[in-house]
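Chains as they are written, first to last, in our numbering: chain W, 9 to 277; chain E, 17 to 112.
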């Protein structure tokens with residue numbers, strides 16, 4: 009590790025450095041890491057906050073939305089003054105205020121096949137997206153390029169999280185194709201408990217930090233269910249699917265032929 | 017007779033009107049029989065989880081916390097579960 013910590017950093021990250029599991033080398037690894045957060049909304053907010061605080065040296069943030077007042081009930085990286093501002097700008101401003109060690113790159117765009125190459129510059133991706141086309145594109149591209157993904161998704165009072173690493177099952181092993189549009193309701197239709205994405209996003213941030221440190225046992229081959237009403241956490245195991253489009257026996261080697269509409273299938277022509 | 021417990025997650029629980037329910041099936045019954053018993057009288061749930069007459073690809077089926085097939089047998093006090101993917105934030109746009 010070529011990076012060494014200066015006096016300010018030794019102070020700032022002292023609670024990390026004092027632990028054997030992180031230590032100065034681990035903190036230097038975090039400062040050297042590049043993490044991309046896809047989505048600066050409910051899930052992305054706590055992810056961005058904790059990764060910035062942890063001193064992840066390079067944070068990328070992708071989002072094409074502007075802050076709306078109805079976001080503020082859960083998207084805690086944005087403030088009242090940010091209404092109308094692009095979320096990537098507001099989130100980047102938060103990061104710069106919190107920790108000058110972090111270089112932040114905002115991409116005010118929606119991730120598509122045409123711009124997904126930007127993901128290849130990152131060591132770890134956090135999928136905090138709000139829609140199936142982006143989620144499947146992230147899964148597929150990252151699997152093809154051996155980039156680990158910390159995934160999270162929410163519904164009203166429930167959440168799901170899992171971690172997708174190159175030698176483990178991928179999101180398509182669990183859910184081969186996205187449901188038809190309109191089958192699964194979104195937050196705008198159903199509502200969401202404001203603190204719910206906070207809990208799930210913190211789990212994703214934890215996984216991203218572990219991946220960057222190469223420490224602990226990531227949530228691989230396990231889907232974690234969180235139920236805020238019952239206050240229960242459960243994990244169920246899942247396996248690599250030999251028929252999986254991206255990590256099975258006959259995998260695709262590019263996302264070029266995948267149609268990222270809501271069903272996310274490979275085009276038949 | 018064999019009694020098994022069904023657990024439903026996310027919007028499946030809402031469509032069904034219940035997060036948990038028990039069903040009773042005959043001896044030697046399969047997961048498919050238990051699914052039929054669950055869906056009997058729950059047409060909304062049937063429409064939600066079936067796609068062209070089979071369980072939709074995006075709906076996962078578990079028996080005692082492990083991936084299950086419709087053809088395997090169920091035993092007394094088994095826990096069966098159905099879960100869909102959940103979407104995430106407020107998609108004000110579903111463009112690709």
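Even for Gly, the Cβ is constructed at its ideal location relative to N, Cα and C.
- Residue W:99 holds the alpha-carbon nearest to the alpha-carbon of residue 114 of chain W among W:99, W:227, W:181.
- In the three-state scheme derived from DSSP, where H, G and I count as helix and E and B as strand, residue 247 of chain W is classed as coil.
- Residue 197 of chain W and residue 76 of chain W have their C-alpha atoms spaced approximately 16 Å apart.
- By the Cβ criterion, the stretch 104-118 of chain W is not in contact with the stretch 151-162 of chain W, since fewer than three pairs of Cβ atoms, one from each stretch, lie closer than 8 Å.
- Beta-bridge partners of residue 162 of chain W (DSSP): W:167.
- Closest option to residue 228 of chain W, judged by alpha-carbon separation, among W:244, W:17, W:220, W:28: W:244.
- With a threshold of 8 Å between beta carbons, residue 58 of chain W makes no contact with chain E.
- Under the 8 Å criterion on CB atoms, residue 103 of chain E is classed as interfacial with respect to chain W.
- Taking a cut-off of 8 Å for Cβ pairs, the stretch 180-191 of chain W and the stretch 58-72 of chain W do not touch, as fewer than three such pairs fall below it.
- Taking C-beta atoms as the reference points, residue 231 of chain W and residue 211 of chain W fail to come closer than 8 Å.
- Where residue 69 of chain W is concerned, the enclosing beta strand (DSSP E) starts and stops at 66-70.
- For residue 100 of chain E, the closest alpha carbon among the candidates W:236, W:168, W:174 is that of W:168.
- As computed with DSSP, residue 99 of chain E is found in a beta bridge with E:76.
- The alpha-carbon of residue 43 of chain W is positioned some 37 Å away from that of residue 64 of chain E.
- DSSP places residue 135 of chain W inside the beta strand (DSSP E), whose first and last residues are 132-135.
- Looking only at E:86, E:87, E:75, the smallest Cα-Cα distance to residue 185 of chain W is reached by E:75.
- About 14 Å separates the CB atoms of residue 101 of chain W and residue 71 of chain W; that is not less than 8 Å, and the two are not in contact.
- The secondary-structure analysis by DSSP pairs residue 117 of chain W with nothing; it has no beta-bridge partner.
- The criterion of a C-beta distance shorter than 8 Å is not satisfied by residue 68 of chain W and residue 41 of chain W.
- Residue 189 of chain W carries a coil assignment under DSSP once its states are collapsed to helix, strand and coil.
- About 25 Å separates the Cβ atoms of residue 102 of chain E and residue 20 of chain E, ruling out a contact at the 8 Å cut-off.
- For secondary structure counted as the alpha helix (DSSP H) over 4 or more consecutive residues, the stretch 32-63 of chain W holds these complete runs in sequence order: 52-62.
- Apart from the 5 residues on each side of it in sequence, residue 29 of chain E sits with its Cβ closer than 6 Å to the Cβ of 35 in its chain, given in chain order.
- Taking every protein chain shown into account, the CB of residue 56 of chain E has fewer than 16 other CB atoms within 10 angstroms, so this residue is exposed.
- Rounded to whole angstroms, the separation of the alpha carbons of residue 70 of chain E and residue 166 of chain W is 26 Å.
- Where residue 228 of chain W is concerned, there is no enclosing beta strand (DSSP E), because DSSP gives it neither an H nor an E.
- Annotation for residue 23 of chain E: the continuous beta strand (DSSP E) segment containing it runs 18-24.
- At a cut-off of 8 Å between beta-carbon atoms, residue 182 of chain W makes contact with chain E.
- Residue 221 of chain W and residue 134 of chain W have their C-alpha atoms roughly 15 Å apart.
- Judged by DSSP secondary structure, residue 217 of chain W falls outside any beta strand (DSSP E) and instead within the alpha helix (DSSP H) spanning 204-221.
- In the DSSP annotation of this structure, residue 96 of chain W is not part of any beta strand (DSSP E); the continuous alpha helix (DSSP H) holding it starts and ends at 95-106.
- Among the CB atoms of chain W, none fall inside 8 Å of the CB of residue 86 of chain E.
- The beta carbon of residue 128 of chain W lies closer than 6 Å to those of 153 in the same chain, with the five residues before and after it left out.
- Closer than 8 Å to the CB of residue 78 of chain E there is at least one CB belonging to chain W.
- Annotation: residue 87 of chain E to residue 62 of chain E spans about 18 Å, alpha carbon to alpha carbon.
- At least 8 Å separates the beta-carbon of residue 82 of chain W from that of residue 259 of chain W.
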